[in-house]
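Before any comments, here is the structure.
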Amino acid sequence: MKGNFTALIAEQRPVIVDFHATWCGPCKAQAPVLKEVAAELGERVRILKIDVDQ
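Following this line, the structure appears as structure tokens:
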């Protein structure tokens, strides 16, 4: 994952990295906002979700 992560964040388009956990309340509250951002911006931005417990 480390090499892949480095390549993904080096892309030309902006990257939002969501470090989250299944037990995290604020993370769960933020999820719909990130979905809305993804829907609105489409291919203009990449959103990566990383479970910190994995």
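Just so you know, we're using our numbering here: the sequence shown kicks off at 1029 and counts up by one. The beta-carbon is built from N, C-alpha and C at its ideal position, and this holds for glycine as well.
Checklist entry - Can you find at least 3 beta carbon pairs, one from the segment 1067-1075 and one from the segment 1041-1051, that sit closer than 8 Å? => result yes
Next on the checklist: For Asp1046 and Lys1056, what's the separation of their Cα atoms in angstroms?
Outcome noted: 11 Å
Next on the checklist: Helix, strand or coil, according to DSSP, for Arg1074 in the structure here?
Outcome noted: strand
Checklist entry - Rounded to a whole number of angstroms, what is the C-alpha to C-alpha distance between His1048 and Glu1064? => result Rounded to whole angstroms, His1048 to Glu1064 spans 17 Å at the Cα level.
Next on the checklist: Short of 8 Å in beta carbon distance, which residues of its chain neighbour Val1080, apart from the five on each side in sequence? Order them along the chain.
Outcome noted: Phe1047, His1048, Ala1049
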